[in-house]
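Using my numbering, the first residue of the sequence shown is number 1, and each one after it goes up by one.
Below is one structure, written out as structure tokens, with a few remarks after it.
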Amino acid sequence: FQTLPKVLTLWLELAGMEQPQDARRGNEKFNTHNAAQWKKVVEETNAQVKKYVDKMQPVVLYTILPQVVARICHPDQAVYNILVSMVVKVVRAFPQQALWPLLAVVKSQSKDRATRGLTLVSKIVEIQKKSGRDTAAADLRNMIIQGQKFSDEVLRVSEFPIEGKMPRVSLARDLVFNHKIAPSRLVVPVESCLIPSIPPTYEVAQMKAIRPFSKDAVTIVAFLDEALVLASLQKPRKLSIRGSDGKIYG
């Protein structure tokens, strides 16, 4: 799976390339033949990628999730459908961790990315419901809604105007922060909670048996009310989170 990022890059570049046309070489029949061969290569490559994506364990695809999400606006419909299937598979398996990059897409300033992000969210809930697990679908939908509210509030606070030199602020008093967005079932967004534990080699039986994330995931319990304001033009705020393990992250 260490080669997956490179394979993904090569596949997306191939699918996104246009068949070069050179009027100085060959006649129309020759160029038409080349175009047909090029299309055939791309379609066969897409079919192979889809076949192996369907076979891969979700945790393997999780390792390339940020790269997949970054290319979710790929113009080729067939490629887009495969990318969607990757995201759906991963988020259904690890919603507490995998929803973080998806929420970033939903809140993107790019209208196209935000629209595709919302489409992905709807697709995930729809497939979860079709699987016959109504309770799981409802839980996932609630987690997504909660995550969207969470993202909205954090983004709002990050842009809230701060007058004068204030090295520290009260989230509730100075930034009108809504502390009710916590607790959340999403994990604390730090490396220790987001990096899966997987073996260095890919053995199907072994991959099926592993638990990539702790059963007791460290989730968000609350925000500390005091936040640090960094001394720069944009006055970025450093928020601290209390995790379900009792530790402070920030």
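Where is the CB? At the ideal position from N, CA and C, for every residue including glycine.
All values derive from a computational prediction rather than experimental measurement.
Ranked by Cα distance from L102, the first of Q148, I82 and K111 is Q148. In the DSSP annotation of this structure, the continuous segment of the alpha helix (DSSP H) that includes A35 starts and ends at E28 to K55. Put simply, the stretch 207 to 219 touches the stretch 53 to 65. At least three CB pairs are less than 8 Å apart. When rounded, the separation of the alpha-carbon atoms in Y249 and I241 is 5 Å. For S85, the uninterrupted alpha helix (DSSP H) run begins and ends at Q77 to A93, by DSSP. Closest option to Q146, judged by alpha-carbon separation, among W100, F30, K111 and L175: W100. By the C-beta criterion, the stretch 193 to 201 is judged not to be in contact with the stretch 103 to 119, since fewer than 3 inter-stretch pairs fall below 8 Å. Residue state for G16 is assigned as helix, using DSSP reduced to three classes.
Spatial neighbours of C193 in its own chain (CB-CB distance under 6 Å, excluding positions within 5 residues in sequence) are listed in chain order as V187 and V218. For S170, there is no enclosing alpha helix (DSSP H); the residue is part of the beta strand (DSSP E) that begins and ends at R168 to S170. Between I72 and P5, the C-beta gap is not smaller than 8 Å, which leaves the two residues out of contact.
In this structure, the straight-line span from the alpha carbon of A47 to that of L171 is close to 51 Å. The DSSP-derived three-state label of L233 is coil. Assigned with DSSP and collapsed to three states, K6 falls in helix. Under the Cβ criterion (8 Å, minimum of three pairs), the stretch 169 to 185 counts as touching the stretch 220 to 228.
Here DSSP, grouped into helix, strand and coil, assigns T115 to helix.
Taken in chain order, the complete beta strand (DSSP E) segments of 3 or more residues contained in the stretch 176 to 207 are 184 to 187. Using a 10 angstroms sphere on the CB of R168, the tally of other CB atoms stays under 16, which defines it as exposed. For L175, the closest of L8, M166 and V157 by C-alpha to C-alpha distance is V157.
Around the beta-carbon of M86, 16 or more other beta-carbon atoms lie within 10 Å, marking it buried. Per DSSP, the beta bridge partners of T219 are V187.
In the structure shown, L228 adopts extended strand secondary structure according to DSSP, grouped into three states. Rounded to the nearest whole angstrom, the CA to CA distance from Q109 to D76 is 22 Å. If the five residues before and after F94 are omitted, its C-beta is found closer than 7 Å to the C-beta atoms of P58, Y62 and F213, all from its own chain and listed in chain order.
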